[in-house]
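There are 2 protein chains.
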Amino acid sequence: MAVTISDVARAAGVSKGAVSYALNGQAGVSEETRQRILGAAKELGWRPSLRARSLSSSKAYALGLVVARNPRLLGTDPFFPSFIAGIETTLADRGYSLVLTVAAKHGAEEASYRRLVHEGRVDGVILSDVRTDDPRIALLLELGLPAVTLNRPTAASPFPAVCMDDTEGISSAVQHLVDLGHTRIAHVGGTQHYIHGLSRRTAWANTLKRNGLEPDLFIEADFGAQQGTEATARLLQLDRKPTAIVYANDIMATAGLSYLHQQGLRVPADVSITGYDNTEYAQYLNPALTSIGSDPLLWGSTAAQVLLNQLEGKHDGQDIILPEPQLIVRGSTAEPPA
Amino acid sequence: MAVTISDVARAAGVSKGAVSYALNGQAGVSEETRQRILGAAKELGWRPSLRARSLSSSKAYALGLVVARNPRLLGTDPFFPSFIAGIETTLADRGYSLVLTVAAKHGAEEASYRRLVHEGRVDGVILSDVRTDDPRIALLLELGLPAVTLNRPTAASPFPAVCMDDTEGISSAVQHLVDLGHTRIAHVGGTQHYIHGLSRRTAWANTLKRNGLEPDLFIEADFGAQQGTEATARLLQLDRKPTAIVYANDIMATAGLSYLHQQGLRVPADVSITGYDNTEYAQYLNPALTSIGSDPLLWGSTAAQVLLNQLEGKHDGQDIILPEPQLIVRGSTAEPPA
DNA sequence: AGAAAGAACTGAACCGGTTCAGTGAGGGAC
DNA sequence: GTCCCTCACTGAACCGGTTCAGTTCTTTCT
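The listed protein sequences derive, respectively, from chains A and B.
Per my numbering, the very first residue in the first sequence carries number 751; after that it's consecutive.
Per my numbering, the very first residue in the second sequence carries number 751; after that it's consecutive.
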């Protein structure tokens, strides 16, 4: 079969233990012997068995990601594929793997984390889609599972966070609209239960207030196309109709755009709109969508790095702040109608 | 620490071996004893250690998926997230996990498969994005790694395939256009190197021939927006300009639509277009995009099932044929200009 | 010079399962 | 009554690493 540690030990004329020490860079072997052992290992083409290692060291050499989304809607979101790719760029280098779980139903999420722990599949998890008072924080603590969170949770969390603040992006979108002369700027927010839903709304509101405008045109939706349409419809029924709508993501903006067209409104002549995510198709919409472009790839690779460092006791516990997503102005924003 | 097989054996008054037999439903214990053992296990809350099992049984209890895509473009594709969710629905039920790998660079793909095998991370892999004469078939054979392929490869493959034929969808799109009166129907294809790129082109060509039309308006692109735009531009420069364009996916169609608008052409009044995938945003384009809707979720869950059955020796080797994706007619197709 | 400390390495236990050879009891055939 | 077979189960080896308690030899300190 495959070559084992015993083969290497025999070839190098030492004991199994010595080989283990040499491999892991631990004390207990002289530099000379270490080289001889590593030489023999190389010659024999030895790769230590991950399974044996896992068993004796109680480590999985893998990280987990639990995605709690309706599978049918998952394809909508441009975030995850890139984010996962980012995680992978880090893991591949470090000999770790990613175990991915999709929790469709609500109760399935907690069960997924429990299963990952009980089966010892992973050494830690990356917590995305953090919610206000996220119950998973307590769950992970109970399970004793190390983690890193995307953005700092509102609930007290002992885990390091990797933050990509959406404030600046949203603020500059709103400011951009104010500068164009808009005074009735609405926000179609995502689920406020998610901290990124909430923070986008807050950024929108704060920027309006800074400009002496009232942040009263708000409707909560769920980041999905359907509710994006409905929210847009409700805004149009108001007495105080908006001349600009800041959507919390591109898909809602896209659905809103479609609805506005159906109602005979021109974008941006009658209504300006902005999205968030800078989805690839955003630039091909008619008109091209002004959006805010984040960097999920960087977010993923950084989160994985922080978690691995944490596992190795090398992380200082500080949150990592990533560059803020930037506004990308395109054709969907213009001066308000006279 | 956690309760082990020895604890259960002691509690039930039998040996470790007996517990193992009882757990795995093997012969060697009487029904009475089996019940007693299972009872004791339940009482103690015993969960057999995946790691120990993996080591002694040489199995990983996990499947692998290697995605070879440029990470930046990965977010574009609505296929993978849903597909992965489908895989998960099957795996979660069977106690397996999914190990996901993203291979950014070209050489990284082979390395990924090798690593999964050498580290014993997975018991089998799902092969997506199958290419003509796909070199991975030989690689997997060399590595002795079981697999299932999405659609039947052109190269001889001993692996079972789970097929979702794109022929009918494309055919009915072309037929739909012919029925509307179009005679110059172009195809902007995806990479022909992928079997789904090739088969869509073939379906387009065959349907035209069946209707006595010449399939001469073909341009190969790479399934990406940029090349979708360029291909559209080239089609418009031809003497024999198309009045309809069948794109191999939605993102190219979307980019094409944008370009047509820029050129002052109206869709569908001047040019009809169709996509493929039925991305969520397709219905929100202006005009809404006629597309072909596949079912990645079903594809994923079925592929995982077939592979697991295969691993347990329960699969008969037959290919599985899934329902064909269907045409969804929307506003982007109409009669050709007079 | 003698004691103590440290470095280099060995041997065996251990992680928690699976599996196989072996044992003893019970039953059926002749 | 004897032989043989089957069934139910045990004990130990095994998977391939990690880790800890010892052993031996060298160095350092007083």
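Backbone N, C-alpha and C fix where the C-beta goes; we use that ideal spot for every residue, glycine too.
Residue 1054(B) and residue 848(A) have their C-alpha atoms spaced approximately 18 Å apart. Chain order gives the chain B residues near residue 849(A) as 812, 847, 848, 849 and 850, where near means a beta carbon separation below 9 Å. For residue 918(B), the enclosing alpha helix (DSSP H) has its first and last residue at 917-930.
Taken in chain order, the members of the segment 828-841 of chain A whose beta-carbon sits within less than 8 Å of a beta-carbon on chain B are 828, 829, 830, 831, 832, 834, 835, 836, 838 and 839. One thing to note: residue 832(B) has its Cβ within 8 Å of the Cβ of residue 824(A). Within chain B, no C-beta atom comes less than 7 Å from the C-beta of residue 1023(A); the nearest is roughly 12 Å away. Shortest Cα-Cα distance from residue 797(B) to any of 768(B), 837(B), 764(B) and 753(B) involves 753(B). Rounded to whole angstroms, residue 1033(B) and residue 932(A) show a C-alpha spacing of 29 Å. One Cα belongs to residue 960(B), the other to residue 979(A), and the distance between them is close to 42 Å. In terms of beta-carbon proximity, residue 961(B) stays away from the interface with chain A, with every pair separated by 8 Å or more.
Chain B places a beta carbon closer than 8 Å to that of residue 804(A), counting this residue as a contact. Counting along the chain, residue 963(A) sits inside no alpha helix (DSSP H), nor does DSSP assign it H or E at all. Exposed is the label assigned to residue 781(A), since fewer than 16 other Cβ atoms lie within 10 Å of its Cβ. Fewer than three pairs of CB atoms, one per stretch, sit closer than 8 Å, so the segment 1057-1065 of chain A makes no contact with the segment 849-863 of chain A. Put simply, the CB of residue 1042(A) is far from chain B, with every gap to its CB atoms at 8 Å or more. Close CB contacts of residue 779(A) within its chain, under the 6 Å cut and outside five residues either way in sequence, are with 768, 771 and 772 (chain order). Residues of chain B with a Cβ closer than 9 Å to the Cβ of residue 1034(A) are, in chain order, 975, 978, 979, 1001, 1004, 1005, 1006, 1007, 1008, 1009 and 1035.
With respect to the 8 Å criterion, residue 1063(B) and residue 999(B) are not classified as neighbours on the basis of their beta carbons. From the listed residues 808(A), 870(A), 844(A) and 879(A), the smallest Cα separation to residue 1049(A) is found for 879(A). For residue 816(B), the enclosing beta strand (DSSP E) covers residues 812-818.
A straight line joining the alpha-carbon of residue 1071(B) with that of residue 913(B) spans about 5 Å. At a beta-carbon threshold of 7 Å, none of the residues of chain A lie near residue 860(B); the nearest stands roughly 13 Å away. The alpha-carbon of residue 970(B) is positioned some 7 Å away from that of residue 942(B). Exclusion of the five residues before and after residue 881(B) leaves 943 and 944 as the residues of its chain whose Cβ lies within less than 6 Å of its Cβ. Under DSSP, no beta-bridge partner is assigned to residue 1083(B). In this structure, the straight-line span from the alpha carbon of residue 864(B) to that of residue 977(B) is close to 32 Å. In the DSSP annotation of this structure, the continuous segment of the alpha helix (DSSP H) that includes residue 785(A) starts and ends at 781-794.
Taking a contact as a CB-CB distance under 8 Å, the pair residue 1013(B) and residue 986(B) counts as one, their CB atoms being some 6 Å apart. The continuous alpha helix (DSSP H) containing residue 1057(B) extends over residues 1046-1061. For residue 1011(A), the three-state secondary structure derived from DSSP is helix.
Taking 8 Å as the cut-off, the Cβ atoms of residue 1078(A) and residue 1029(A) do not count as close. Scanning chain A for C-beta atoms nearer than 9 Å to the C-beta of residue 826(B) yields 828, 831, 1029, 1030 and 1031, reported in chain order. Listed along chain A are 805, 869 and 870, each with a C-beta nearer than 9 Å to that of residue 799(B).
Residue 935(B) sits close to residue 958(B), with the two beta carbons spaced by under 8 Å. Using a Cβ-Cβ cut-off of 8 Å, residue 1075(A) does not count as an interface residue toward chain B, since no Cβ of chain B sits closer than that to its own.
For residue 794(A), same chain residues with a beta-carbon under 7 Å away, outside a window of 5 residues either side, are 753, 757, 758 and 761 in chain order.
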